[in-house]
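*Asks:*
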Amino acid sequence: RRDQTVTWLGLDYFFDYGLPNVFFHVTTAYAILRHNGVPVGKRDFLGV
Numbered sequence: 020r021r022d023q024t025v026t027w028l029g030l031d032y033f034f035d036y037g038l039p040n041v042f043f044h045v046t047t048a049y050a051i052l053r054h055n056g057v058p059v060g061k062r063d064f065l066g067v
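In this note's numbering, the protein residues as written are 20 to 67.
Here it is in structure tokens:
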């Protein structure tokens with residue numbers, strides 16, 4: 020509910036919300052690039 024306050028510890032927020040959110044957006048960007056013919060591969064996805 021909007022009238023309630025949620026208190027998160029930093030690591031809990033990071034592992035429960037932050038990291039999954041980053042992986043979602045990175046994976047979606049990778050899929051869009053591949054769909055549009057950009058030659059990206061696994062190394063690009065992994066950042067190496």
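C-beta atoms are modelled at their ideal positions from N, C-alpha and C, and glycine is treated no differently.
Could you have a look at Leu-28 and say whether DSSP puts it in helix, strand or coil?
*Replies:* To locate residue 28, count along the sequence shown from 1; it is residue 9. In the structure shown, Leu-28 sits in coil (DSSP, three-state: anything other than H, G, I, E or B).
*Asks:* Determine the contact status of Tyr-49 and Val-59, defining contact as a CB-CB distance below 8 Å.
*Replies:* Here residue 49 refers to the residue found at position 30 of the sequence shown. Here residue 59 refers to the residue found at position 40 of the sequence shown. Yes. Within cutoff.
*Asks:* In this structure, does DSSP put Pro-39 in helix, strand or coil?
*Replies:* Counting from 1 along the sequence shown, the entry for residue 39 is found at position 20. DSSP places Pro-39 in helix when its eight states are reduced to three.
*Asks:* Reducing DSSP to helix, strand and coil, say where Arg-21 ends up.
*Replies:* Numbered from 1 along the sequence shown, position 2 holds the residue referred to as residue 21. Residue state, collapsed to three classes: coil.
*Asks:* Could you give the distance in angstroms between the alpha-carbon of Thr-26 and the alpha-carbon of Thr-46?
*Replies:* Taking the first residue of the sequence shown as position 1, residue 26 is located at position 7. Taking the first residue of the sequence shown as position 1, residue 46 is located at position 27. So the two alpha carbons sit approximately 29 Å from each other.
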